[in-house]
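K.L.:
FYI, the working numbering numbers position 535 of the sequence shown as 572, with every residue one higher than the one before it. Below is a structure I'd like to ask you about.
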Amino acid sequence: MDRKTYTAELAGLRELRTEITAAEKQVVAAQKGLDKLTAQRARRVAGLAGYEGAQAPAIAKASGLSVGDVVRIAPLLDPTPAAVRAAKPDHQAADAVPAPAPVAAPAPVAEPAVAVAPALTRPAAVVEQPTPAAAGVEESAEVEGQAVGEQPAPAVPVAAAPVVPAAPVAPVAAGPRELPTLPEGPAGARFEAVTTGLASKRPNFTQQARSTVFLDAATGQLAVRDRTVRLDLGARTPGEVLDAVLAAVPGTERVYITAGAPWHDGAERYSTLKDAVAAWLNTPSERWTTAVGSGRDKLAGHFVHQRQPVGRYAPAAAPDGPVTEIRSMGEWFDPDGADVVTCRQAFTLLWQALRRHWDDAVLMGSPSQTGRDLWSRTVPTSGKWAGGYPVLSEELRGLLHATGGQGRTELILPPRVPEQLPALVEYDRTFAYAKHLWKSPVGTPRRITAAAFAAMTEQEQAKALMSCSHWNIRVTVPAGWNHVGLLPAPVTGDRAWVYPAEPGATFTTWAGGAEVHLALANHLAPWRIEVLGGLLFEDGKPLDEWGKRLKAAWAELTNLSRVHGDERQRQAAYLASRAVRSVLLFGLGGFAQRPRLVSGTTPVGEALPAGVEILGQDGTVVTWQRQAGFSRDPYAHPEWAAYVWSGARAALLDMKYRQGKEVIGHAGALHARPGTVVYFGTDGIALTERQPWPYRGEPGDYLLKGHLTGPVPHPTSQEQYLELRARGRAELAAKGNEQQ
């Protein structure tokens, strides 16, 4: 090829590029039109279901859909006879028309059929030291959760366990709570479905940064850009704070309070701290009014929280004008005495660290919003999920919300542990969530019935349990068990989950594959697990890239906090690293998409929105909140959060240390002597003695955080434990915080 031909080919290639771009735009426009028509068809199909004589085959023929698709949209049109529907164990009646003969099924019983999972064997990782068995009662409370398990990809060898006859079992104390199960028939089809036309896609816009300042409300010092200003905040009401800030820095859109918490002023006059915060947020002002937002945020108003409230205000003369927020620095990190300049510098370092991994990174109002926005910019542009990750059906999201507990918080009481503790040693898993984002469930789950699980080979069962999955199981604690509980049991009251450990105790629950696998494969004694059903997802990596970038930013800031020559910069870098942790922690929690709790205010005398709970009232406004249910949120992925939380609970019991693919050691509660574990706290453990667990400074490693020399009276409440924990941290810091 000569130069002339080369030049001509380049020109032709440019023309082809232009034609391809135009064709791609046409495809996008056509896809939008198709989505609109598809949604219109679904609405019409659903509307036809209201006619008493409507028949699925006729509607399917007219709409161009299959009978199964019609029934998924309008379950009332299911033509399958009830007898056939009840007899289908492995798929939904919505996918089939009436068959000549129904599938044989056992007669209905009080409880669903089960399959006993075999014990999964593995070599013991450490030599256990024998100790006397101890019996007692454990209690726990649901708190913020954490990370996904690091089970290896290959299936482990499986050894069949004999099926033993049912025996009398010990009841679970604290009032069992019944969890939902997967329904049969057309209703069950919605639990193997995604929401039509809803997916998590990469955004096609760049977030706009907001003008932000940092205010120490105790001293009146304001940090903005490269200067500080001393303000007169008057009585520190929201209106006076905004007047002072906007006078000094016109155009401010967000004010972070780093110290002073003005919303707690006069708290002693109120019955609860939340009432005090609500009253402060709604303090009348001549120049400011509550910003009610627009669109889906209409009536959102302020967010009332005991310690991290959000106040949203607009000028009284222009209620639809620019909004200014007052927020707490505690949303991102605990300032821990840092001055306002250091807090602002921490934000600057945070932004710079994130920008090294995201060209379009913007710090939004909260770490949750920031985390979700950063994640959305990692959605792949090629491959199977280039069009976005589908959002599960509302029914399935509701099931995961009800059955996917969060972090494990449990104070273990005597006689399971001594009345006088020889010591109180605290270990905390460093940046724990980041350890467990390498694999997550994607796509539409496949329902696994008890019969289907029983029909699997042992290798297939092991693979299913080690895959991204969620299982409805009946659990029995083995005879002779003398260690902590392994699986959560649902109970009523404030403590939504407990962890039974009494030999012979039985309960029915839901748990992720990581926990179920650990219960079957732990090196002490396999638990008896009867599979009642489950959901098996495709293994994917939707969070992997997001997690890698956040881990890199965290590592850079953590290293800077250790080596920088300036003390202020070291402190700012440490606070910024804590903010990265919050971005990941709360960003992941945002995927859980719990039913929304909306708060707002209404002038006294006007009608309140339907279904609200009144939080407080003063002379001018009523503050309220209400459950808004599940929103049509394109970033709702409770399957990710549930899988991470399940894996994190498993890692509190058994975490692997790896060198390449080789497992070189273990840590966690099951690798401490029985009777030495005192407390579980989401991503940490307190024990009565130190452990030989190596610390490498990597995400997930167990860091020695506190050591209180005994004898120490056993705490009888979480509050007492937290007091002892603070003393232990102070004692260890005074000794130089040596890590074994």
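In this text, a Cβ means the ideal position worked out from N, Cα and C, and glycines have one as well. These figures come from a predicted structure and were not determined experimentally.
Which residue wins for smallest C-alpha separation from Thr-379, given the options Leu-252, Glu-593 and Arg-586?
P.N.:
Leu-252
K.L.:
Would you identify the three-state DSSP class for Gln-757, choosing helix, strand or coil?
P.N.:
Per DSSP, reduced to three states, the secondary structure at Gln-757 is helical.
K.L.:
By a C-beta neighbour count over all protein chains shown, 10 Å radius and 16 as the cutoff for buried, is Thr-295 buried or exposed?
P.N.:
buried
K.L.:
Short of 7 Å in beta carbon distance, which residues of its chain neighbour Pro-417, apart from the five on each side in sequence? Order them along the chain.
P.N.:
Excluding residues within five positions, the ones whose Cβ falls inside 7 Å are Ala-423.
K.L.:
What separation, rounded to the nearest whole angstrom, lies between the Cα atoms of Glu-78 and Thr-44?
P.N.:
In the sequence as displayed, the identity of residue 78 is Arg instead of Glu. When rounded, the distance between both Cα atoms is 51 Å.
K.L.:
Please give me, in chain order, every unbroken run of the beta strand (DSSP E) with length at least 3 that falls completely inside the segment 303-331.
P.N.:
The qualifying runs are 325-327.
K.L.:
Suppose contacts are defined by Cβ-Cβ distances below 8 Å. Is Met-692 in contact with Ala-709 by that definition?
P.N.:
No, these two residues do not count as a Cβ contact at 8 Å.
K.L.:
Can you tell me where the beta strand (DSSP E) with Trp-508 in it begins and where it stops?
P.N.:
506-513
K.L.:
Once DSSP output is grouped into helix, strand and coil, what is the label at Tyr-426?
P.N.:
strand
K.L.:
Determine the contact status of His-782 and Phe-623, defining contact as a CB-CB distance below 8 Å.
P.N.:
In the structure as shown, the chain starts at 38 and stops at 777, and residue 782 therefore has no counterpart that could be examined.
K.L.:
Since Tyr-293 is in the beta strand (DSSP E), which residue starts that stretch and which ends it?
P.N.:
291-296
K.L.:
How do the segment 455-465 and the segment 725-745 stand: do at least 3 beta-carbon pairs fall below 8 Å, yes or no?
P.N.:
yes
K.L.:
Helix, strand or coil for Gln-662 per DSSP?
P.N.:
strand
K.L.:
Tell me which residue opens and which closes the beta strand (DSSP E) that Asp-280 is part of.
P.N.:
Looking at the DSSP string, Asp-280 is not in any beta strand (DSSP E); the run it does join, the alpha helix (DSSP H), is 275-285.
K.L.:
Considering only C-alpha positions, which residue in the set Ile-57, Val-104 and Arg-247 is nearest to Val-399?
P.N.:
Arg-247
K.L.:
Who are the Cβ neighbours of Trp-849 in its own chain at under 8 Å, not counting the five residues just before and after it?
P.N.:
Nothing about residue 849 can be reported from this structure: the residues present for the chain run from 38 to 777 only.
K.L.:
Quick check on Glu-495: does DSSP put it in helix, strand or coil?
P.N.:
Secondary structure at Glu-495: helix, using DSSP grouped into helix, strand and coil.
K.L.:
Tell me whether the beta-carbon of Val-780 lies closer than 8 Å to the beta-carbon of Val-261.
P.N.:
One cannot answer for residue 780 here, as it falls past the ends of the chain, which runs 38 to 777.
K.L.:
Could you tell me which of Ala-315, Pro-359 and Val-360 sits nearest to Phe-340, measuring between CA atoms?
P.N.:
Ala-315
K.L.:
If you draw a straight line from the C-alpha of Glu-575 to the C-alpha of Leu-502, how long is it?
P.N.:
Roughly 12 Å between the two C-alpha positions.
K.L.:
Please specify which runs of the beta strand (DSSP E), each continuous and at least 3 residues long, are wholly inside the segment 360-428, giving them in chain order.
P.N.:
Runs found: 361-365.
K.L.:
Assign Phe-717 to one of two classes, buried (16 or more other C-beta atoms within 10 Å of its C-beta) or exposed (fewer than that).
P.N.:
buried
K.L.:
Any contact of the segment 598-618 with the segment 261-280, i.e. 3+ C-beta pairs under 8 Å?
P.N.:
no
K.L.:
Please identify the residue among Ala-439, Ser-430 and Gly-480 whose C-alpha is closest to the C-alpha of Lys-421.
P.N.:
Each of Ala-439, Ser-430 and Gly-480 was checked against the Cα of Lys-421, and the nearest Cα belongs to Gly-480.
K.L.:
Can you tell me the Cα-Cα spacing of Ala-488 and Val-64, whole angstroms?
P.N.:
45 Å
K.L.:
For Arg-672, which residues of its own chain have a beta-carbon under 6 Å away from its beta-carbon, when the five flanking residues on both sides are left out?
P.N.:
One point to set straight first is that residue 672 is Tyr, not Arg, in the sequence displayed. Excluding sequence neighbours, Tyr-672 sits near Ser-237 and Arg-409.
K.L.:
Tell me which same chain residues have a C-beta within less than 6 Å of the C-beta of Gly-584, skipping the five on either side of it?
P.N.:
Ala-471 and Leu-474
K.L.:
Which residues does DSSP list as the beta-bridge partners of Ser-477?
P.N.:
Gly-577
K.L.:
At which residues does the beta strand (DSSP E) containing Gly-348 begin and terminate?
P.N.:
348-352
K.L.:
Is the segment 537-553 in contact with the segment 494-509, if contact means three or more CB pairs nearer than 8 Å?
P.N.:
yes
K.L.:
Quick check on this structure: which residue in Gly-101, Val-282, Asp-106 and Thr-265 has the alpha carbon closest to the alpha carbon of Pro-223?
P.N.:
Asp-106
K.L.:
Indicate the three-state DSSP secondary structure (helix, strand or coil) for Glu-106 in the structure shown.
P.N.:
Reading off the sequence shown, one finds Asp at residue 106, where the question assumed Glu. Asp-106 falls in the helix class under three-state DSSP.
K.L.:
Which stretch, first to last residue, makes up the alpha helix (DSSP H) that contains Gly-626?
P.N.:
604-629
K.L.:
According to DSSP, is Asp-72 helix, strand or coil?
P.N.:
helix
K.L.:
Taking only three categories from DSSP, how would you classify Gln-345?
P.N.:
For Gln-345, the three-state secondary structure derived from DSSP is coil.
K.L.:
Use the C-beta contact count for Ser-598: other C-beta atoms within 10 angstroms, 16 or more gives buried, fewer gives exposed.
P.N.:
Ser-598 is buried by the Cβ-count criterion.
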